[in-house]
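J.: Structure below; questions to follow.
Chains as they are written, first to last, in the UniProt record's numbering: chain V, 1 to 470; chain Y, 1 to 470.
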């Protein structure tokens, strides 16, 4: 609850135009891209600079007002749903690229910068920021940092955490700290930089970030390999790595996903294939040519029924764009789309896909599976209807079993989407109670009054997927 | 102090042959590779497995006995000196490579494995573990992980933290937790894996680690560029990066260092040059050839008086080995060698080297400077004599000024050596009091009774370099 007095203090900081507690204003920020989660904030606030964020947090801390930092709300774990009310904090005024430093290969950004805008800005200087979450057209850098976003290029290049080398963060008590810097090496104390990355706004509010850039790869080539069965596709993934080739992208799509994407994108995807690998290599011209030749041979030897290399940049772009549109395409099928990201060691992909299909059959639900095969990060996606209570019950049981299987295979409950409110009930499967206890102690150390995105990461009670509005 | 009863309990766990509280046994572990630090532990203990580590920690926690995990003690920050007594914990029984997984490109190791042994083992399978601290012939993986060791290949490949993807850690209370896994992507909760890396044994005891491997580069080429002045060398570093080339190694050595190394290694280093760059590129044959050609042209255009490409593998090996021997070579000069690692953004290297030379002149002390120019990680090294109190006073003042300058240039007080006991008094320069407070809260959350390597990272009081035995 925000009292009249607190409201007055907050308005004094940001001005009346940047504070909104109207019903309409609050409603817009009561949910994010995650189905099943909605909860009204008490107000929405848009600070103009770090100092204002600091003053807001000091007030929130004093009055124990929850505060939820939010980029574009594209996350899929209920991470920015204000499940305990309080303030939603927007970065619409803190959305600039502050610097692209070509000598030190860094970019300094505010949290509200759209990911793709930054990617384009650095590419125009011959540089490259590899993390490319499918939502990058609308997601923000702040959101990517808080969720440690992955993407299609993760196999070769890593994820957001691998590129964040410095942060400005406002702590729960209003303290402003700076971590790291334009430095390739820094061991001055604990690595708070990487700790804040992926902490989902529960340890501090990121107000500025320095990211590492690399030279832009000279060229890129894309191919599609079609398979009659999933095992053969999974074996190809292993065979490519065993040949000591690390492609930039190594995506897997099963037939149900292919059908849906083709129906949406209409680019002539081979919907008769049981499984498809979308493979991309980038780098120097001659190496890309050589790698792609080897990859093609491996695919063919591995029982691919067809291997198609994109002949033009447009064709390649269409293929990857189609893959990126998987969520949108699937979302058209039924009212509710639950996109998960159980992740396993690369060697277990075939086993995991098979287990997912068995589990879907067992619970009589529809699951499409696609994902980043190269790094074992799969996206089993269920199209369903939240109003069908009986089916939802089965969906929940199925996903619990999927997570159990992932853990059994040495995997994790979430590879790149985060825990948020949605996965919190499952976290103990991965971490066991000792791991949860350590993380809770860490959370309490940074946020003793539990105002920073409360209700996220840690479950209040037993496994339960559907959260009702408070 | 270890009471009779505690001693009895510890011996029950590890057996009498793995517990040593004799004077001779303790003396051996009263110091590490850092000058000026010595302090006797109460006993030395060598557990045989994780369960024993857990039981030891439960006892230490109960009786508030300090415990200092130690690999080979090659660190340069007093990180493994038992400054507050207690137990030194050795990993001589936990020194095996448990698995090299060629499908998932991982190695699973115990902390006592010698770094170079692991590097050789994975290279024999065509794989590559890039972090290569100069001490790798004797350092352990556990030590590398605790100190987040860097090395010569950091510019292109990153440091130890970039390769650790899973850990088994025993917490202060004896809890055993597992973080990460054989997973390229994992966002299940806070990133404890990277937090433990570089935490210098102050948050938990690492008992097992999964490291990421990459395919072994096909080939490697090495060249030496000689300069008449430091500025030209520093400019070349910037020019290479500006040409979008990231060499595997880009080392800088000033003339005083060259003279000392040549005197030690006798491989015909050009001791008449004022500065030398040692540059190495690895990768596919044609790319290495192309990059090295470009680099050679950049060096020549940048006023290098001579550029010499190593003609054979042996010649290349001799050059990098000579560079790696810098500390040993310098240590022969005078009784005390203080090797520092102030680090700045790459673009500030020339400014930093100049500042170091000015400061050395101002305090009338002898400083040689070499280091990883590509990542701004310099090693100003002072050869002195701890018994010369007057000079030591000046050395301390000089280094304080060097750290101040590094911070002023956007750098840090330590790039790869860690804080330990030695840098603790300077940490606040980099982190300010708010950053220190956040890290102390984190430490208290993990180690409320302050038994894990106490006295490290955080300073008790004001700046003071020399620590006397307790």
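No residue lacks a Cβ here, since even glycine has one placed at the ideal position from N, Cα and C.
For residue 361 (chain Y), count neighbouring Cβ atoms within 10 angstroms of its own Cβ and tell me buried if that reaches 16, exposed if not.
T.: Its Cβ having fewer than 16 others within 10 Å, residue 361 (chain Y) is exposed.
J.: Specify the secondary structure class of residue 187 (chain V) as computed by DSSP and reduced to three states.
T.: Residue 187 (chain V): coil per DSSP, three-state reduction.
J.: Using a Cβ cut-off of 8 Å, pull out every chain Y residue sitting near residue 188 (chain V), in sequence order please.
T.: Those are 412, 413, 414, 419, 423, 427, 430, 431, listed as they occur along chain Y.
J.: Output the boundary residues of the alpha helix (DSSP H) element that contains residue 63 (chain V).
T.: First-last of the alpha helix (DSSP H) with residue 63 (chain V): 50-63.
J.: Would you list the residues sitting across from residue 472 (chain V) in a DSSP beta bridge?
T.: It is not possible to answer for residue 472 (chain V), since the shown part of chain V is limited to 1 through 470.
J.: Determine the direct distance from the alpha carbon of residue 103 (chain Y) to that of residue 231 (chain V), and round the result to whole angstroms.
T.: Taking the straight line joining both Cα atoms gives about 15 Å.
J.: Taking beta-carbon pairs under 7 Å, can you tell me which members of the region 229-246 of chain V lie near chain Y?
T.: Of all residues in the region 229-246 of chain V, 238, 241, 242, 244, 246 have a Cβ within less than 7 Å of some Cβ in chain Y.
J.: At a Cβ cut of 8 Å, what residues of the region 297-322 of chain V count as close to chain Y, listed as they run along the chain?
T.: Answer set for the region 297-322 of chain V: empty.
J.: Hey, how far is the Cα of residue 61 (chain Y) from the Cα of residue 43 (chain Y)?
T.: Residue 61 (chain Y) and residue 43 (chain Y): Cα-Cα distance of roughly 16 Å.
J.: Find the residues of chain V that neighbour residue 346 (chain Y), judging by a C-beta separation of less than 7 Å, and give them in chain order.
T.: Simply 103, 104.
J.: May I have a chain-ordered list of the beta strand (DSSP E) segments no shorter than 3 residues that lie completely inside the region 200-278 of chain Y?
T.: List check, beta strand (DSSP E) in window: 205-212, 219-227, 249-254.
J.: Could you tell me whether the Cβ atoms of residue 115 (chain V) and residue 133 (chain V) are closer together than 8 Å?
T.: Yes, Cβ-Cβ distance for residue 115 (chain V) and residue 133 (chain V) is below 8 Å.
J.: If distances are taken between C-alpha atoms only, which option among V:442, V:137, V:130 comes closest to residue 112 (chain V)?
T.: Ranking the options by Cα distance to residue 112 (chain V), first place goes to V:137.
J.: Skipping 5 residues on each side, what residues in its chain have a beta carbon closer than 6 Å to that of residue 465 (chain V)?
T.: The predicted model places residue 465 (chain V) with a pLDDT of 47, which falls under 50 and marks its position as unreliable; any figure quoted below should be read in that light. Counting only Cβ-Cβ distances below 6 Å, and skipping sequence neighbours, we find 396.
J.: Rounded to whole angstroms, what's the CA-CA distance from residue 386 (chain Y) to residue 59 (chain Y)? Just pull it up for me.
T.: When rounded, the distance between both Cα atoms is 38 Å.
J.: Starting from residue 180 (chain Y), follow its DSSP beta bridges and name the residues at the other end.
T.: In DSSP, residue 180 (chain Y) forms a bridge with Y:166.
J.: What does the Cβ neighbour count give for residue 285 (chain Y), buried or exposed, with the cut at 16 atoms within 10 Å?
T.: Looking at its Cβ environment, which holds fewer than 16 other Cβ atoms inside 10 Å, residue 285 (chain Y) is exposed.
J.: Would you report the Cα separation of residue 433 (chain Y) and residue 427 (chain Y), rounded to the nearest angstrom?
T.: If you take the alpha carbons of residue 433 (chain Y) and residue 427 (chain Y), they lie about 9 Å apart.
J.: I need the straight-line Cα distance from residue 202 (chain Y) to residue 417 (chain Y), nearest angstrom please.
T.: The alpha-carbon atoms of residue 202 (chain Y) and residue 417 (chain Y) are separated by roughly 15 Å.
J.: In angstroms with no decimal places, state the Cα-to-Cα distance between residue 165 (chain Y) and residue 194 (chain V).
T.: In a straight line, the C-alpha of residue 165 (chain Y) is about 13 Å away from that of residue 194 (chain V).
J.: To which residues of the same chain is residue 226 (chain V) closer than 7 Å at the C-beta, ignoring the five residues directly before and after it?
T.: Excluding positions up to five away in sequence, the list reads 270, 273, 276, 304, 305, 306.
J.: Taking 8 Å as the threshold (beta carbon to beta carbon), is residue 452 (chain Y) in contact with chain V?
T.: Answer no: the Cβ-Cβ gap between residue 452 (chain Y) and chain V never drops below 8 Å.
J.: Taking the straight line between their C-alpha atoms, what separation do you get for residue 474 (chain V) and residue 26 (chain V)?
T.: Outside the displayed range of chain V (1 to 470) lies residue 474 (chain V), so it cannot be described from this structure.
J.: Can you find the residues in the same chain that come closer than 7 Å, C-beta to C-beta, to residue 1 (chain Y), ignoring five residues on each side of it along the sequence?
T.: 42, listed in sequence order.
J.: Between which two residues does the alpha helix (DSSP H) holding residue 328 (chain V) run?
T.: Counting along the chain, the alpha helix (DSSP H) containing residue 328 (chain V) begins and ends at 326-331.
J.: Below 9 Å between beta carbons is the criterion; list the residues of the region 150-165 of chain V that meet it against any residue of chain Y, in chain order.
T.: So the list reads 150, 154, 155, 158, 159, 161, 162, given in the order they occur along the chain.
J.: Counting Cβ pairs, one atom from each stretch, are 3 or more of them under 8 Å apart for the region 433-443 of chain V and the region 4-23 of chain Y?
T.: Too few Cβ pairs lie closer than 8 Å, so no.
J.: Taking residue 181 (chain V) as the reference, give the member of V:163, V:382, V:173 with the closest Cα.
T.: It is V:163.
J.: Please list the partners that residue 249 (chain V) has in chain Y, where partner means a Cβ-to-Cβ separation under 9 Å.
T.: Neighbours of residue 249 (chain V) on chain Y: none; closest Cβ ~13 Å, over 9 Å.
J.: What residues are listed by DSSP as bridge partners for residue 69 (chain Y)?
T.: Residue 69 (chain Y) pairs with Y:89.
J.: Unbroken beta strand (DSSP E) runs of length 3 or more, entirely within the region 279-330 of chain Y: which are they?
T.: Whole beta strand (DSSP E) segments, 3+ residues: 304-309.
J.: What are the start and end residues of the alpha helix (DSSP H) that includes residue 416 (chain Y)?
T.: That residue, residue 416 (chain Y), is in no alpha helix (DSSP H); it is neither H nor E in DSSP.
J.: Does DSSP classify residue 99 (chain Y) as helix, strand or coil?
T.: Strand.
J.: According to DSSP, is residue 407 (chain V) helix, strand or coil?
T.: Three-state result, residue 407 (chain V): helix.
J.: Does residue 439 (chain V) have its Cβ less than 8 Å from a Cβ in chain Y?
T.: Closer than 8 Å: yes.
J.: Determine the chain V residues that contact residue 199 (chain Y) at a beta-carbon separation under 7 Å, and present them in chain order.
T.: Correct list: 190.
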